[in-house]
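Heads up, the sequence shown is in this note's numbering, so the first residue is 6 and it goes up one at a time.
Virtual Cβ for every residue (Gly too), placed ideally from N, Cα, C.
Predicted, not measured: the structure shown is a model, and the values here were computed from it.
A quick write-up on the structure given underneath.
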Amino acid sequence: MLNTPWSDGVPGITQLHIEPGESFTYKWTATQYGSYWYHAHEAGQLDDGLYGHLLIHPRQSLETPFSLIASDAAEERAMAKAAKDPIPLLLGDWRHIVSEEAIDITMAANTELSCYDSILVNGKGKVNCWSAEKTASLVTPEQRQILTQANLTDLTGKRYVPTAIMCHNMTSTDNPAAACRPRSSLTFSATPAR
Ligand SMILES: [Cu+2]
6 MLNTPWSDGV PGITQLHIEP GESFTYKWTA TQYGSYWYHA HEAGQLDDGL
56 YGHLLIHPRQ SLETPFSLIA SDAAEERAMA KAAKDPIPLL LGDWRHIVSE
106 EAIDITMAAN TELSCYDSIL VNGKGKVNCW SAEKTASLVT PEQRQILTQA
156 NLTDLTGKRY VPTAIMCHNM TSTDNPAAAC RPRSSLTFSA TPAR
């Protein structure tokens, strides 16, 4: 983003928000070519799917190094074609709730919601929701023992150890209620990128 930081897309820092119904054209001089991704920097919009693949082609005149590693002309042509028309592979994770709901759950639970429902490959994925019975049938004897100690019978629907147990194990005072009491905290949403 050399000399064009206002197209780096951080609302409130390098540009104004793009309001609903508005559009904004990003213009910058690309100094590197290759495969990149674009993504939102506003609250949970990335979580909600605002990202995609961005391909910057090299100059036509740029010499490629393929001849140095190809064993014949056909292989060199194949490499040139792959560089020119790559097939993007974009992996993402996806929650079946919108980011605002995830933030509400995080605030209510006082712990980050680390649960995702699907893995997406180029925006497509599969939903595989196990029944409570199937989840229960997969609890190991070791997990069963931990659950029993806390007077519980099952892992959560997403095969998590229930919070009550985690709180119990976090305290040395053997007082789960004390370990789990709400603490005042500053919560903000951060989006990992790059
Ligand atoms: Cu970013």
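Spatially closest choice to residue i from the options, by CA coordinates
| i | options | result |
| --- | --- | --- |
| Val15 | Pro25, Glu27 and Tyr31 | Tyr31 |
| Gln37 | His62, Thr19, His22 and Tyr43 | His62 |
| Leu60 | Ser66, Ser40 and Asp77 | Ser40 |
| Ala88 | Ser104, Leu95, Phe71 and Thr158 | Phe71 |
| Asp13 | Glu24, Thr34, Glu80 and His101 | Thr34 |
| Tyr121 | Met84, Gln20, Arg100 and Ala141 | Arg100 |
Classification of residue i by the beta-carbon crowding that lies within 10 angstroms, buried from 16 upward
| i | result |
| --- | --- |
| Ala107 | buried |
| Asp52 | buried |
| Leu160 | buried |
Bounding residues of the beta strand (DSSP E) (the contiguous stretch that carries residue i)
| i | result |
| --- | --- |
| Ile74 | Careful: Ile74 lies outside any beta strand (DSSP E), inside the alpha helix (DSSP H) at Phe71 to Ile74. |
| Leu152 | That residue, Leu152, is in no beta strand (DSSP E); its alpha helix (DSSP H) goes Pro146 to Gln154. |
| Asp159 | Segment: none, Asp159 is in no beta strand (DSSP E) and carries neither H nor E. |
| Ser66 | It is not in any beta strand (DSSP E) - Ser66 carries neither H nor E in the DSSP assignment. |
| Ser142 | Looking at the DSSP string, Ser142 is not in any beta strand (DSSP E); the run it does join, the alpha helix (DSSP H), is Ala137 to Ser142. |
| Val126 | Ser123 to Val126 |
| His44 | Gly39 to His44 |
The alpha helix (DSSP H) enclosing residue i, as first and last residue numbers
| i | result |
| --- | --- |
| Asp98 | Where Asp98 is concerned, there is no enclosing alpha helix (DSSP H), although the beta strand (DSSP E) it sits in stretches over Leu96 to Trp99. |
| Ser104 | Ser104 to Ala114 |
| Glu80 | Ala78 to Lys89 |
7 Å Cβ cutoff, residue i in contact with chain D
| i | result |
| --- | --- |
| Tyr41 | Here chain D cannot be found, since the structure has a single protein chain. |
Neighbourhood of residue i by C-beta distance below 6 Å, restricted to the same chain and skipping five residues each side
| i | result |
| --- | --- |
| Leu95 | His58 and Asn127 |
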